[in-house]
């Protein structure tokens with residue numbers, strides 16, 4: 018979640034504001050101001066203090082997320098951005114920690130910052146004289162940070178407590194996948210519990226503030242469900258071998274065939290996207306680079322063979338039949354090639370696999386309907402849809 022207006026950077030980490038954040042800022046300012054007005058504060062000071070408290074609330078959230086980010090950076094993990102949005106903030110961390118121990122420290126660092134702020138603000142307020150408005154504000158802000166720390170430690174994704182639970186299960190079972198799945202399920206339970214308590218609280222007290230609990234519960238359920246979808250996708254990536262996703266949509270051509278005969282026999286009727294492998298004596302020698310014909314004079318086509326325009330097999334990007342789709346995705350994106358040749362254990366070409374084949378195989382495994390037009394677009398452009406972020410998901414699955 019890195020969309021928003023960039024307003025600066027902190028320790029090299031872009032700081033973004035979701036446009037809807039401004040609405041929540043005004044709403045929180047209104048709630049705080051109402052408290053000061055009820056306490057008998059002068060109107061202008063109450064509104065000013067309310068706005069300041071709302072800003073300090075989000076500053077606390079920012080510091081909370083910065084705690085996660087700095088610990089992640091200390092582990093060599095890039096942080097794409099910190100974004101504030103109506104329900105709080107999120108640090109967009111580029112990849113998963115390598116070990117459950119590292120994941121634990123990234124998760125616990127945010128609540129630790131919030132708790133440290135609580136202690137600092139509370140102790141500072143004790144040093145101020147009673148009745149001073151600043152003392153009241155510091156007490157409120159200290160309480161907010163304590164609640165922020167405690168709320169985030171609830172054991173369910175997407176909360177920090179869910180990340181801690183994930184790390185502990187990962188450590189206990191040795192499976193990151195199990196950790197994510199159980200923590201996500203716990204997050205969904207907490208989300209429904211929040212919705213139920215929010216509705217009950219509203220019906221009993223008729224206070225609209227309980228509806229925030231409903232919104233938080235709904236948001237938590239959505240995020241927890243997203244975690245479960247990602248983990249299902251990662252499991253599919255690891256379970257499906259290249260042999261199940263590849264196609265055999267290629268032709269074998271005699272490497273000793275003259276170029277003139279090759280063009281007359283194959284290129285006249287075959288589509289431009291056709292794939293040819295050169296072979297000799299039953300042994301594959303390379304991938305025919307049809308575009309290389311342009312560099313050879315037509316007058317020489319009768320004398321030069323297909324082998325002259327074949328890229329040697331040992332130079333091709335290849336995978337084995339048993340290679341997982343997670344590895345296939347990572348290799349396709351890292352090497353930025355349109356396709357990979359799939360080899361048997363004997364080193365023979367048994368298929369080809371491209372990005373469209375990958376998406377089609379994953380969709381079939383997960384029982385998702387992907388329109389044929391989308392599959393063809395992926396095949397033509399040799400690009401995964403940007404919103405899928407498949408390489409990042411694949412790399413996390415491989416850890």
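Residue numbers (the numbering used here): 18 to 416. Ideal placement from N, C-alpha and C gives every residue a C-beta, glycine not left out. Note that the structure is a prediction, hence the values are computed from the model and not measured.
Evaluate residue i with the Cβ neighbour count: other Cβ atoms within 10 Å of its Cβ, from every protein chain shown; 16 or more gives buried, anything less gives exposed.
i	result
residue 256	exposed
residue 25	exposed
residue 368	buried
residue 393	exposed
residue 30	buried
residue 38	buried
residue 84	buried
residue 344	buried
residue 251	buried
residue 331	exposed
residue 211	buried
residue 400	exposed
residue 403	exposed
residue 140	exposed
residue 72	exposed
residue 285	exposed
residue 414	buried
residue 279	buried
residue 418	Since the first and last residues shown for the chain are 18 and 416, residue 418 lies out of range.
First and last residue of the alpha helix (DSSP H) that includes residue i?
i	result
residue 153	150-169
residue 407	407-415
residue 188	177-190
residue 393	389-398
residue 102	Taken as a continuous stretch (DSSP letters only), residue 102 belongs to no alpha helix (DSSP H), being part of the beta strand (DSSP E) at 96-102.
residue 22	Segment 22-27 is the beta strand (DSSP E) holding residue 22; no alpha helix (DSSP H) there.
residue 141	117-143
residue 49	38-55
residue 89	60-91
When the Cα atoms are used, what is the spatial distance from residue i to residue j?
i	j	result
residue 247	residue 360	29 Å
residue 179	residue 206	12 Å
residue 158	residue 388	51 Å
residue 18	residue 109	At residue 18, the pLDDT of 45 sits below 50, so the modelled position is not reliable; the number obtained from the coordinates is stated separately. Distance between the alpha carbons of residue 18 and residue 109: 6 Å.
residue 354	residue 334	8 Å
residue 10	residue 122	As displayed, the chain neither begins before 18 nor continues past 416, which places residue 10 out of reach and without an answer.
residue 53	residue 148	13 Å
residue 241	residue 173	8 Å
residue 398	residue 185	42 Å
residue 94	residue 171	25 Å
residue 349	residue 372	8 Å
residue 298	residue 314	28 Å
residue 126	residue 88	7 Å
residue 98	residue 112	13 Å
residue 45	residue 68	8 Å
Is the Cβ-Cβ distance between residue i and residue j less than 9 Å?
i	j	result
residue 104	residue 232	yes
residue 272	residue 323	yes
residue 145	residue 151	yes
residue 168	residue 101	no
residue 395	residue 376	yes
residue 357	residue 259	yes
residue 283	residue 366	no
residue 183	residue 129	no
residue 347	residue 416	no
residue 193	residue 275	no
residue 156	residue 77	no
residue 364	residue 329	no
residue 294	residue 269	yes
residue 342	residue 262	yes
residue 291	residue 267	yes
Would you kindly report the start and end of the unbroken beta strand (DSSP E) that includes residue i?
i	result
residue 110	105-110
residue 303	300-305
residue 32	30-34
residue 329	327-329
residue 147	Run containing residue 147: none; DSSP gives neither H nor E here.
Is residue i close to the ligand GTP? I mean its beta-carbon at under 8 Å from any heavy atom of the ligand.
i	result
residue 312	This structure lacks the ligand GTP; in fact it carries no ligand of any kind.
In chain order, which beta strand (DSSP E) runs of at least 3 residues are fully inside the region 185-258?
-> none
Could I get the ranges of all uninterrupted alpha helix (DSSP H) runs contained in the region 264-323, with 4 residues as the minimum, in chain order?
-> 276-279
May I have a chain-ordered list of the beta strand (DSSP E) segments no shorter than 3 residues that lie completely inside the region 341-388?
-> 356-360, 366-371
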